[in-house]
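Going by this note's numbering, the first residue of the sequence shown is number 2, and it counts up by one from there. Glycine included, each C-beta is placed from N, C-alpha and C at the ideal position. Contents: one structure, followed by commentary.
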Amino acid sequence: MNQSELLDQFVLEARECLEAIGKGLLEVEREPEDATLLNDLFRSVHTLKGNCGLFEFKPLERVVHAGEDLLDRVRNQELAYSAELADALLDAMDFSAQLIDQIERSGRIEAGADARAQAHAKALRALLDGAPAEPPQAAQAAAEPAAHSPAGTAQTAAPDWLDRLDPALRAAHPGATAWRYQPEEGCFFKGEDPWRLACTTPGLLAVTVAGQQPWPEGEALNDWDCYQCRLDIVLLSSAPRADVQEHFRCVLEQLQGWQAPPAPPAEPTAAERAARARARQLWADQLALLARSTVAPGTVRAARRTLQRLLAWLDDGSAVAGLQALADDADAATLLAWARRHALPAEPATAEAAPGVAEAAAEPAAADPGRRGGDEANGAGAHKVLKVGQEKVDRLMDLIGEMVVAKNSLPYLAQRAETVFGQRELAREIKAQYTVINRIAEDMQHAIMQVRMLPVGAVFQRFGRLVRDISRKLGKEVHLVVEGEETEADKNVIESLADPLIHILRNSLDHGIETPQARRDAGKPAAGTIRIRAHQESDRVVIEISDDGAGVDAARVRTKAVERGLIPADRAATLGDHDAVQLIFLPGFSTAEQISDLSGRGVGMDVVRTAIERINGSVELSSVQGRGTTLRLSLPLSMAITNVMVIESAGRRFGVPMDLIVETVRVHGDDIHCFKQARTTVLRGRIVPLRALNELLALDTEPLKNADGELAVLVVRLGAEAVGLIVDQFHGASDIILKPLEGVLAGLTGFAGTALMGDGGVLMALNPKELLTWASAT
2 MNQSELLDQF VLEARECLEA IGKGLLEVER EPEDATLLND LFRSVHTLKG
52 NCGLFEFKPL ERVVHAGEDL LDRVRNQELA YSAELADALL DAMDFSAQLI
102 DQIERSGRIE AGADARAQAH AKALRALLDG APAEPPQAAQ AAAEPAAHSP
152 AGTAQTAAPD WLDRLDPALR AAHPGATAWR YQPEEGCFFK GEDPWRLACT
202 TPGLLAVTVA GQQPWPEGEA LNDWDCYQCR LDIVLLSSAP RADVQEHFRC
252 VLEQLQGWQA PPAPPAEPTA AERAARARAR QLWADQLALL ARSTVAPGTV
302 RAARRTLQRL LAWLDDGSAV AGLQALADDA DAATLLAWAR RHALPAEPAT
352 AEAAPGVAEA AAEPAAADPG RRGGDEANGA GAHKVLKVGQ EKVDRLMDLI
402 GEMVVAKNSL PYLAQRAETV FGQRELAREI KAQYTVINRI AEDMQHAIMQ
452 VRMLPVGAVF QRFGRLVRDI SRKLGKEVHL VVEGEETEAD KNVIESLADP
502 LIHILRNSLD HGIETPQARR DAGKPAAGTI RIRAHQESDR VVIEISDDGA
552 GVDAARVRTK AVERGLIPAD RAATLGDHDA VQLIFLPGFS TAEQISDLSG
602 RGVGMDVVRT AIERINGSVE LSSVQGRGTT LRLSLPLSMA ITNVMVIESA
652 GRRFGVPMDL IVETVRVHGD DIHCFKQART TVLRGRIVPL RALNELLALD
702 TEPLKNADGE LAVLVVRLGA EAVGLIVDQF HGASDIILKP LEGVLAGLTG
752 FAGTALMGDG GVLMALNPKE LLTWASAT
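This is the structure in structure tokens:
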């Protein structure tokens with residue numbers, strides 16, 4: 002396994018750990034006395050910290066290490082788990098997820114992340130002693146001015162602990178840095194050896210030790226705990242700050258540093274200023290050369306040598322090393338991007354004199370983070386899991402799709418063998434082999450589909466945090482109950498669920514669940530309940546989201562829809578309550594009086610319906626005012642293979658998704674009635690409107706009748722209504738690999754996509770709802 006694969010594995014495992022940690026934090030908040038939950042949570046944090054340490058991602062390790070120490074106190078019942086503690090840990094894990102994103106993008110953590118990591122670690126460690134945590138943003142804001150301000154604005158007096166070092170020794174080493182190391186009391190129980198750590202400091206010149214508190218005497222010794230560390234160590238080191246910080250990387254928040262400011266640089270002479278100006282001009286010339294549309298490889302190499310010499314003349318060793326790290330065959334674009342990032346400063350840097358500079362040891366370390374590999378061993382009884390890249394599974398799905406197309410060609414071959422070549426025996430054998438191949442292909446398809454299946458819990462688990470944060474922001478008490486997390490669906494369906502469910506939950510929290518006082522006045526418990534339930538029905542996955550809130554006020558919905566111009570007032574007055582509440586799915590509808598970050602912008606439930614219908618799903622809403630609302634999502638198990646009914650109209654073949662079809666019937670021409678320009682018929686005691694597919698597709702051909710004067714009618718379901726499409730002929734069902742339309746054709750919403758048939762022809766799959774909606778609008 003190469004370094005890139007190790008890094009990919011680290012990112013994958015880190016994300017799994019963060020998901021487990023986020024879920025565990027919410028579970029422990031609900032049941033803080035459950036020791037098993039606490040142990041599982043601590044184990045996840047410990048695993049993540051170990052992985053970070055092995056890969057030497059220091060900012061990430063620092064934050065996770067502080068979280069581990071905090072949870073260790075909670076686990077040992079030395080600290081009570083509280084909402085404030087949960088907030089600090091959740092914020093720290095959010096920041097850790099951002100660092101993981103950086104690692105995934107570039108293989109390293111950005112330089113500016115260390116100050117933020119220190120702020121989060123400080124906020125977490127402030128809770129160790131029961132002190133209120135300072136928000137990481139405030140801690141970072143307080144730390145950054147000291148770290149980045151000119152020397153003259155920093156602390157002007159040397160710290161008191163500096164007096165413990167010999168002044169003569171400090172005077173003999175003016176460039177040395179003084180450090181103060183105060184280990185935490187419980188460090189021995191973590192396997193730390195603070196004295197050895199101090200004595201092995203790089204460039205150590207002197208070390209002194211004292212007690213953080215006066216040593217006990219007399220009878221006070223009887224109560225003295227020798228297993229608690231109370232050392233206060235001061236040392237002097239000639240090593241660079243980055244080396245010392247690297248040495249103390251696991252306890253960096255326990256370290257303080259002080260260094261006398263360097264003497265101000267001499268003002269550059271006129272000759273030096275002219276030379277620097279010339280260097281900047283040469284740098285700009287190389288940028289212009291590399292920015293040309295066509296750059297020869299020899300020119301790239303020459304420009305690279307010029308840049309390297311300029312950096313060497315400026316004595317910028319780190320930039321020279323960065324340039325040398327580029328690949329030898331780097332092209333002009335790569336070199337140009339690097340040169341722009343490392344542009345020469347317009348003016349030489351200057352510094353102001355100051356009597357002293359006191360800095361926290363949490364300054365960003367100069368060293369680049371390294372990489373790690375490794376993981377904790379799973380228990381002996383754990384399930385064996387083989388982790389396979391998603392692209393490999395997708396490739397298998399593409400291959401089985403091609404096999405389905407090839408399989409479907411066999412019936413056409415059998416037909417040609419019999420009708421064209423008169424080989425009935427050969428046609429019979431082809432059909433027999435088709436039966437065998439069809440069974441094998443279906444088994445393979447089913448097996449690969451099982452590999453692609455994911456439990457819906459993969460999406461549900463993120464909603465606990467969402468409900469917690471939004472409900473607290475709104476001042477509401479809400480319990481989230483999730484059922485059927487083990488229900489499985491295709492990964493593409495699962496991935497498409499996240500945004501619609503977020504919109505539904507935000508809508509329920511903002512508009513559905515009442516405030517605690519309003520619920521008490523209505524005779525309800527102060528805490529509301531949102532329930533997400535998933536189960537499988539036939540070849541569909543059904544997800545129900547219900548709440549016990551105020552429900553939807555049908556009268557208010559009618560009023561708002563009319564006010565926003567979404568529906569005429571006379572039509573709104575004729576709608577029943579059930580139909581009226583469906584108006585919330587209209588684009589631009591909102592009942593919020595004020596625009597906030599949660600609602601009021603008219604974007605929400607229409608997005609839900611559009612997203613669900615895009616994956617061939619459906620949405621049903623039911624509500625009882627004062628008792629609550631339920632949304633029912635019906636989704637296909639898979640989006641990879643689509644089962645369609647092949648129909649013919651005007652000499653062309655089209656496909657209609659089988660899950661939209663109610664039935665196929667033949668209706669005699671005499672049973673079709675015309676009202677103005679609309680055609681209807683009666684099927685099973687119900688009036689069904691009819692539309693000719695030729696008219697919807699602007700095909701100038703009348704529908705064909707059979708010998709008995711009957712028309713072929715395909716009855717499709719659109720929401721709660723049934724509509725009949727008049728076609729010429731039915732050709733049975735077929736499994737297809739549906740490919741969406743791309744480019745300029747993507748705007749043809751009346752077509753769901755295309756598929757390659759077994760005879761080599763292309764089948765256009767229809768989207769009946771869009772076709773009928775467009776026809777009604779015109």
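Three-way DSSP call (helix, strand, coil) for Asn644 in this model: Strand at Asn644.
Bridge partners - Lys561, DSSP secondary structure assignment: DSSP lists no partner for Lys561.
Inter-residue Cα distance where the pair is Arg74 and Ala120: 20 Å
Own chain residues within Cβ distance below 6 Å of Ile401, not counting five before or after: Met445, Gln446, Ile449
Short Cβ contact (9 Å threshold) for Glu478 with Gly529: It is a contact, given that the beta carbons lie within the stated cut-off.
Pairwise C-alpha distance: Leu510 and Leu467: 10 Å
Coarse secondary structure for Gly375, derived from DSSP in three states: Confidence in Gly375 is poor, its pLDDT being 41 and thus under 50, which makes the residue's placement unreliable; the coordinate value appears in the next sentence. Three-state result, Gly375: coil.
DSSP state of Ala159 mapped onto helix, strand, coil: coil
Whether Asn695 touches Ala651 by CB criterion (9 Å): yes
Under the three-state DSSP convention, the category Lys706 falls into: coil
Buried or exposed by the 16-neighbour rule on C-beta atoms within 10 Å, applied to Glu6: exposed
Nearest-angstrom Cα separation, counted from Leu253 out to Gly68: 14 Å
Same chain only: Cβ atoms within 8 Å of Val563, ignoring 5 sequence neighbours per side: Pro569, Ala570, Ala573
Cα-Cα separation between Leu72 and Phe43, rounded to whole angstroms: 6 Å
Option in Lys408, Leu700, Ala527, Ala699 with minimal Cα separation from Gly476: Here the closest residue by C-alpha is Ala527.
Distance between Pro456 and Phe464 (C-alpha atoms, nearest Å): 15 Å
Cα-Cα separation between Val452 and Gly566, rounded to whole angstroms: 48 Å
Where Ala355 falls: helix, strand or coil (DSSP): Note that Ala355 scores 37 on pLDDT, short of 50, meaning its location in the model is unreliable; the coordinates nonetheless yield the value given after this. The answer is coil: DSSP assigns Ala355 none of H, G, I, E or B.
C-alpha gap between Phe249 and Asp115, whole angstroms: Cα-Cα distance, rounded: 14 Å.
Closest Cα partner of Thr630 within the set Val657, Arg653, Ala551: Ala551
Nearest residue (CA-CA) to Trp284, options Asp701, Asp244, Leu622, Leu345: Leu345
Whole-Å CB distance - Val386 paired with Leu336, under 8 Å assumed: Approximately 43 Å separates the beta-carbon atoms of Val386 and Leu336; this is outside 8 Å, ruling out the contact.
Three-pair Cβ contact test at 8 Å for the segment 517–526 versus the segment 605–623: no
Closer than 9 Å to chain D by CB, Leu400: The structure shown contains no chain D; it holds only a single protein chain.
Those residues which DSSP pairs with Leu691 across a bridge: Within the DSSP secondary-structure output, Leu691 pairs in a beta bridge with Arg680, Gly725.
Cβ pair Leu780, Glu545 closer than 9 Å: Any property of residue 780 remains undetermined from this structure, which presents the chain solely from 2 to 779.
Neighbourhood of Ile688 by C-beta distance below 7 Å, restricted to the same chain and skipping five residues each side: Thr681
Pick from Gln424, Arg440, Gln626 that is closest to Met404, judged by C-alpha positions: Arg440
Segment limits, beta strand (DSSP E) that includes Ala780: Absent from the model: residue 780. The displayed extent of the chain is 2 to 779, so no value can be given.
Proximal residues to Ile495 (C-beta, below 7 Å), its chain only, five neighbours per side dropped: Leu455, Val457, Ala459, Val460
Paired residues, beta bridge with Ala535 - DSSP: Ile544
Three-state class that DSSP yields for Glu771 in the structure shown: helix
Check whether Arg507 and Ile533 have beta carbons under 9 Å apart: In this structure, Ile533 does not lie closer than 9 Å to Arg507 by Cβ.
Beta-ladder partner(s) of Lys740, from DSSP: Thr755
Limits of the unbroken alpha helix (DSSP H) element including Leu100: 84–107
C-beta contact flag for Gly212 and Val245 at 9 Å: no
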